[in-house]
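K.L.:
Numbering (UniProt numbering), first residue to last: 264 to 467. By construction, the Cβ of each residue, glycine as well, lies at the ideal position given by its N, Cα and C atoms.
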Ligand code: URA
C-alpha cells in the first residue's frame with residue numbers, strides 16, 4: 264500500500280495549484296520546518312530563478328526570498344531592470360533545514376540526496392511555468408537542474424539544463440552576505456548585478 268500511495272503521489276498533477284497542494288501536504292524530508300515554501304510568480308514568466316531552500320524567515324512567513332538573501336536579490340534585480348513580480352521564484356528544496364543554537368535556527372545546506380529527492384517537484388513546477396530561461400542561484404539549484412555537482416564559479420554563465428532547457432548559473436545571493444570585507448562584497452555585488460543584466464538580455 265505504501266508503494267501505491269507513492270505511485271499516486273508521483274502522478275503528474277493537472278495544474279500548478281494542484282502540484283503546490285501536493286507539495287504543501289508533504290512532510291519535510293528532514294523534520295523541523297514549519298511548512299513547505301512554494302514557488303511564486305506567474306505561469307508563463309520569462310525567467311525562473313531557482314534558489315536552494317527557504318531560510319528562517321521564509322519558513323516562518325511561507326514566502327520565498329523575503330529574508331536577507333532575498334533582499335539582496337531584490338535590490339540587484341531592480342538594478343538590472345528585472346521585475347520580480349513578472350518573474351518566477353522558487354527553491355530546489357521546499358523545506359527549511361536547520362540546527363537550533365539557543366534561540367537561533369542556523370541554516371544547514373541540503374545534501375546531494377536531499378536535493379535529488381525534491382527534483383521531481385521542481386521539474387513539474389518548471390513544466391507548468393515554461394520559462395524561456397532558468398537561473399540556478401548557487402550549487403544546490405545547479406545540482407537540481409543538471410543532476411550533477413557543478414562548481415558554480417567555474418561554470419558561471421550560460422548553461423543547458425536537463426531537457427535542453429536554456430539556463431544560467433550564478434552564485435546564490437547569500438554568498439554575498441558571507442564575504443568578509445566590504446570591498447570584496449561590493450565587487451561581488453557588481454558581478455552579481457552583471458549576471459542579472461546578462462540574464463535580462465538573454466530573456467528578451
Ligand atoms: N535562500 C534561498 O535559496 N531561498 C529562499 O527562499 C531564501 C533564501
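Which residues neighbour the ligand URA when neighbourhood means a C-beta less than 5 Å away from any of its non-hydrogen atoms? List them by chain order.
P.N.:
314, 315, 317, 318, 321, 327, 328, 332 and 354
K.L.:
When DSSP labels each residue in this structure, what does residue 308 get in the three-state scheme?
P.N.:
DSSP, read as helix, strand or coil, puts residue 308 in coil.
K.L.:
List the whole-angstrom C-beta distance separating residue 424 from residue 397, where the pair is believed to meet the contact cut-off of C-beta under 8 Å.
P.N.:
6 Å
K.L.:
Quick one: what does DSSP say residue 462 is sitting in, helix, strand or coil?
P.N.:
helix
K.L.:
Measuring CA to CA, which of 293, 277, 362 and 334 is closest to residue 380?
P.N.:
Nearest of 293, 277, 362 and 334 to residue 380, Cα basis: 293.
K.L.:
Say whether the stretch 446-456 touches the stretch 364-379, bearing in mind that this needs 3 or more beta-carbon pairs closer than 8 Å, one atom from each stretch.
P.N.:
no
K.L.:
For residue 315 and residue 401, which I take to be in contact (beta-carbon distance under 8 Å), what is that distance rounded to the nearest angstrom?
P.N.:
5 Å
K.L.:
Give a yes or no on whether the C-beta atoms belonging to residue 343 and residue 460 are separated by under 8 Å.
P.N.:
By the CB criterion at 8 Å, residue 343 and residue 460 fall inside the cutoff.
K.L.:
Whole-angstrom Cβ separation of residue 306 and residue 415, contact assumed at under 8 Å?
P.N.:
Residue 306 to residue 415, Cβ: 28 Å. No contact.
K.L.:
Considering just the uninterrupted stretch of the beta strand (DSSP E) at residue 435, what are its terminal residues?
P.N.:
No beta strand (DSSP E) contains residue 435, which DSSP labels as neither H nor E.
K.L.:
Three or more C-beta pairs under 8 Å: does that hold for the stretch 321-332 against the stretch 294-305?
P.N.:
yes
K.L.:
Out of 349, 334, 412 and 336, point me to the one whose CA is closest to residue 505's CA.
P.N.:
Residue 505 lies beyond the range of the chain shown here (264 to 467); nothing can be said about it.
K.L.:
Apply the 10 Å Cβ neighbour rule to residue 384 and answer buried if 16 or more other Cβ atoms are within range, or exposed otherwise.
P.N.:
buried
K.L.:
Express the C-alpha separation of residue 277 and residue 434 in angstroms, rounding to a whole number.
P.N.:
33 Å
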